[in-house]
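Trainee: With the first letter of the sequence shown counted as 1, position 47 gets the number 99 in our numbering; the numbers rise by one all the way through. Idealized CB from N, CA, C, for every residue including glycine. Model, not experiment: these values are computed from the prediction.
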Amino acid sequence: MRKLKNNELNRLSVNGFKAATKTPLIIVLDNIRSLNNIGSVFRTSDAFLIQKIYLCGITATPPHKDIHKTALGSTDTVAWEHVEHTNDLVTKLKAEGVQVCAIEQADHAIMLNDFSVAENTTYALVFGNEVKGVAQEVVSASDVTIEIPQFGTKHSLNIAVSCGVVVWDVFSKLQHVAAL
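Dropping the structure here:
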């Protein structure tokens with residue numbers, strides 16, 4: 053067994069990425085403070101062909117050197133838009149038929165491993181502030197709340213880690229549904 057070289061990975065070009073069919077997933081960042089977390093979310097979004105990232109409230113936007121440091125160029129591939137108020141965006145997405153999922157610890161939350169996806173449905177995954185999480189008004193406006201099961205003494209994950217876990221899980225479920 054040997055590690056593959058970068059030129060053996062068959063990665064898409066920027067134009068190839070932009071032309072590719074996207075995964076029916078949208079990422080919504082609700083007032084994220086860390087520029088490194090924002091960059092990491094861009095990188096994860098590139099890896100899984102995410103449709104779009106919405107940067108809401110105080111969430112910084114590209115170009116910024118600290119976003120670029122972790123995004124590694126994915127701000128050039130993944131579509132993004134800044135929206136002032138997350139709740140306004142949630143209302144708009146729901147009106148467009150998008151299933152809005154707040155990623156948060158809340159009563160009546162569905163554990164990620166129990167969350168099911170439907171065919172021909174686009175999902176918006178809302179990730180919240182590093183300290184306060186997803187704003188309560190956004191949780192209340194969402195179609196569903198999804199919680200990442202955790203079993204240790206800490207009951208929170210870094211937002212970039214949370215995004216990676218949830219996107220991989222939902223991406224895998226969408227691929228399975230599409231294959232049926």
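(1) Would Tyr-106 and Glu-133 qualify as a contact pair, given that the criterion is a beta-carbon distance under 7 Å?
(2) Identify every run of the alpha helix (DSSP H) within the stretch 120–150, keeping only runs that are complete inside it and at least 4 residues long; order them along the chain.
(3) Please determine if the stretch 109–127 and the stretch 154–167 are in contact, where contact requires at least 3 C-beta pairs separated by less than 8 Å.
(4) Do three or more CB pairs link the stretch 76–83 to the stretch 174–183 at distances below 8 Å?
(5) Could you please give the first and the last residue of the uninterrupted alpha helix (DSSP H) stretch that includes Leu-107?
(6) If you follow the alpha helix (DSSP H) that Ala-72 is part of, which residue opens it and which one closes it?
(7) Measure the Cβ-Cβ separation of Val-169 and Val-229 and say whether it is below 7 Å.
Mentor: With the structure as the only source:
(1) As a working note, residue 106 is residue 54 in the sequence shown. As a working note, residue 133 is residue 81 in the sequence shown. Going by C-beta atoms, Tyr-106 is nearer than 7 Å to Glu-133.
(2) 138–147
(3) no
(4) yes
(5) Against the sequence shown, residue 107 aligns to sequence position 55. From DSSP, Leu-107 is part of no alpha helix (DSSP H) but of the beta strand (DSSP E) over 102–108.
(6) As a position in the sequence shown, residue 72 is number 20, starting the count at 1. Per DSSP, Ala-72 belongs to no alpha helix (DSSP H) and is neither H nor E.
(7) Sequence index remark: in the sequence shown, residue 169 carries index 117 (1-based). Sequence index remark: in the sequence shown, residue 229 carries index 177 (1-based). Yes, these two residues count as a Cβ contact at 7 Å.
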